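Here is the structure we will look at.
In the UniProt record's numbering, the protein residues as written are 1 to 53.
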């Protein structure tokens, strides 16, 4: 599901955007395995010549 969300977000991004940013929700198991349960898009804007405040 998380991989589908990433691909879907990239396909649906605005024409001027060259990337998407998101977050993964899950847990780290005692054996070091990461179990991803869900993912979310993080809305943002990026300006090439400005640093964020």
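Ideal Cβ placement from N, Cα and C applies to all residues, glycine included.
Bear in mind that the values here come from a model prediction, so they are computed numbers and not experimental data.
What's the C-alpha gap between residue 39 and residue 31? Locating residue 39 in the chain shown gives position 39, where the first residue counts as 1. Locating residue 31 in the chain shown gives position 31, where the first residue counts as 1. Residue 39 and residue 31: Cα-Cα distance of roughly 22 Å.
Taking the alpha-carbon positions, what's the residue 35 to residue 27 distance? Residue mapping note: residue 35 aligns to position 35 of the chain shown, counting from 1. Residue mapping note: residue 27 aligns to position 27 of the chain shown, counting from 1. Roughly 5 Å between the two C-alpha positions.
Could you check what DSSP says for residue 29 in three-state terms: helix, strand or coil? Translated into the one-based positions of the chain shown, residue 29 becomes position 29. Three-state DSSP puts residue 29 in coil, outside helix and strand.
Would residue 11 be called buried (16 or more neighbouring beta carbons within 10 Å of its own) or exposed? Here the question's residue 11 lines up with position 11 in the chain shown. So residue 11 counts as exposed.
Look at the alpha carbon of residue 6 and the alpha carbon of residue 13, and state the distance between them as a whole number of angstroms. Indexing the chain shown from 1 puts residue 6 at position 6. Indexing the chain shown from 1 puts residue 13 at position 13. So the two alpha carbons sit approximately 11 Å from each other.
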